[in-house]
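Let me begin by presenting the structure, written as structure tokens, before commenting on it.
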Amino acid sequence: MLGEIVWKYELPDVLKRYTNPGFDAELLPNNNILMELPGKGVYEISRKGEIVWSYADSKVSVPGA
376 MLGEIVWKYE
386 LPDVLKRYTN
396 PGFDAELLPN
406 NNILMELPGK
416 GVYEISRKGE
426 IVWSYADSKV
436 SVPGA
């Protein structure tokens, strides 16, 4: 499958540290991205790359992992 990158987001260093691999991302109806970072929490990211909402919890994990 070929595709074109239409949006890219670089995690801030503070979220990269101690984050388990295998995070999940979902497109929201408002066009923001909801990211679940195991060991960190849940973050809503705008298309401008701004964290617009967050819930920090080290116990957050990806279902089925």
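For the sequence shown, my numbering puts the final residue at 440, and the numbers step up evenly by one. Built from N, CA and C at the ideal position, the CB exists for glycine as well. Small disclaimer: the values here were computed from a predicted structure and weren't measured.
Query	Result
What residue from Lys391, Ile426, Pro413 has the CA that sits closest to Asn407's CA?	Ile426
Which residues in the same chain as Tyr418 place their Cβ atom closer than 6 Å to its Cβ, once the five residues preceding and following it in sequence are excluded?	Met410, Ile426, Ser429
Here's the rule I'm using: 16 or more other beta-carbon atoms within 10 Å means buried, otherwise exposed. How should Ala440 be labelled?	At Ala440 the pLDDT is 48, less than 50, meaning the model places this residue with poor confidence; the figure from the coordinates comes in the next sentence. The residue in question, Ala440, is exposed, as its Cβ has fewer than 16 Cβ neighbours within 10 Å.
Compute the Euclidean distance between the alpha carbons of Asp432 and Leu377, then round it to the nearest angstrom.	36 Å
Compare the C-alpha of Leu403 against each of Val435, Arg422, Ile380, Lys383 and name the closest.	Arg422
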